[in-house]
Amino acid sequence: MTRVLTVDDSAAMRDLVSLTLQQAGFEVAQACDGVEGLDMARDGNFDLILADLNMPNMNGIELIRALRAESSCRTTPILMLTTESDLVKRREGKQAGATGWIVKPFFPDQLVASLHRALR
Amino acid sequence: MALDLAQFHEGFYEESFEALDSMESALLKLNVGVPDKELIGTIFRVAHSIKGGSATFGFTEIASFTHTLETLLDELRSGKMQATRSVCDLLLKSVDVLRDMLRAVQHKQPVDAQQVADLQFDLELAIAQKQSVEEVSAPAISAASNSRVAEHGERYWRIDFKPLPHLLAHGNDPLRMLRELAASGRSCRFRSIAAADRAGS
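Chains as they are written, first to last, in my numbering: chain S, 5 to 124; chain R, 183 to 383.
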């Protein structure tokens with residue numbers, strides 16, 4: 005089963021993402037900020053990581069940079085899932101190593117399709 | 183794929199109320215002048231998080247209000263705007279209004295739309311006034327060139343407004359701005375630039 009890590013400081017958002025992905029057949033783990041996300045991703049052997057942008061302790065861009073520095077996560081698809089749609093931020097995310105950018109609010113089918121595309 | 187979003191609402195209310203408490207604490211520590219980066223970062227993150235959650239869970243009025251609030255906070259965060267006493271007061275009022283809005287939707291009551299619209303207008307005005315301060319310090323070319331005199335001698339202003347494609351997606355309502363202009367007591371005429379362009383081509 006495809007394993008996904010969702011990193012978001014909103015528990016309600018994490019629950020929504022988890023349920024959406026579980027219904028689509030994914031196995032999902034949750035982290036509440038970048039620091040916890042990094043810890044879990046290091047040895048969690050995840051197939052894909054979904055990360056929010058604005059989080060306390062370590063934001064999404066910092067998390068991507070830290071993940072890309074880890075040999076175990078160098079090629080793992082990382083999708084940003086955020087309310088932020090600013091082009092400068094998107095470029096920053098891309099440069100940090102993000103695979104894709106999904107803007108909240110999202111449609112469940114659209115989220116699942118984006119994950120399948122990134123996993124191809 | 184069908185998901186009942188109502189199952190996530192209680193979680194959203196709970197974390198939003200907690201986030202507003204931390205936003206209020208940070209606001210009370212905010213000094214007038216250039217805002218402390220860490221404090222304004224915390225305050226911005228709360229507004230951003232509530233905006234994302236409310237848009238996702240279908241609370242469009244809260245999403246629209248927090249979008250305006252977030253715009254002002256972004257100006258403060260990027261150092262383009264100073265935290266004056268009146269701006270700090272507006273931000274504290276925003277916390278109260280957001281709590282009221284959350285309580286209303288939680289108890290399936292209507293949101294006090296007038297209270298929200300009034301404060302949202304004040305926030306928009308604070309952002310606009312910041313821009314006019316910049317214009318005052320810069321050469322007043324745009325002001326002079328946009329102020330015109332009609333044939334019958336009355337001075338008038340031409341305001342060109344070109345909304346970006348994502349305007350509506352961010353909860354903005356251009357008709358509201360036009361209504362505010364129309365309600366200013368001055369006579370207003372609106373003309374579609376696109377239509378004018380077509381007519382001229």
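Think of the CB as a built atom: it goes at the ideal place given N, C-alpha and C, for glycine as much as any other residue.
- Under DSSP, Ala-35 of chain S forms a beta bridge with S:Val-11.
- If the five residues before and after Glu-206 of chain R are omitted, its C-beta is found closer than 6 angstroms to the C-beta atoms of Val-277, all from its own chain and listed in chain order.
- The Cβ atoms of Thr-6 of chain S and Pro-112 of chain S lie no closer than 7 angstroms to each other.
- The C-beta distance from Ala-237 of chain R to Glu-252 of chain R rounds to 11 angstroms, too long to fall under 8 angstroms, and the pair is not in contact.
- Interface annotation, Asp-37 of chain S: not in contact with chain R, CB-CB separation never under 7 angstroms.
- A check of alpha carbon separations from Ala-188 of chain R across S:Thr-80, S:Asp-19, S:Arg-124, S:Val-8 identifies S:Asp-19 as the nearest.
- Taking the Cα positions, Leu-273 of chain R is about 29 angstroms away from Ile-106 of chain S.
- Note on geometry: alpha-carbon atoms of Ala-310 of chain R and Val-116 of chain S lie some 40 angstroms from one another.
- Relative to the Cα of Ser-260 of chain R, the nearest Cα in the group R:Glu-306, R:His-191, R:Ile-222, R:Ala-299 belongs to R:Ile-222.
- Around the beta carbon of Asn-49 of chain S, fewer than 16 other beta carbons sit within 10 angstroms, so the residue counts as exposed.
- Ala-16 of chain S belongs to the set of residues whose beta carbon lies under 7 angstroms from a beta carbon in chain R.
- Among the residues of chain S, those whose CB is under 8 angstroms from the CB of Gly-235 of chain R are Ser-14, Ala-16, Met-17, following chain order.
- DSSP places Ala-229 of chain R within a helical segment (H, G or I) once states are collapsed to three.
- Counting of Cβ neighbours within 10 angstroms places Lys-219 of chain R among the exposed residues, the total staying below 16.
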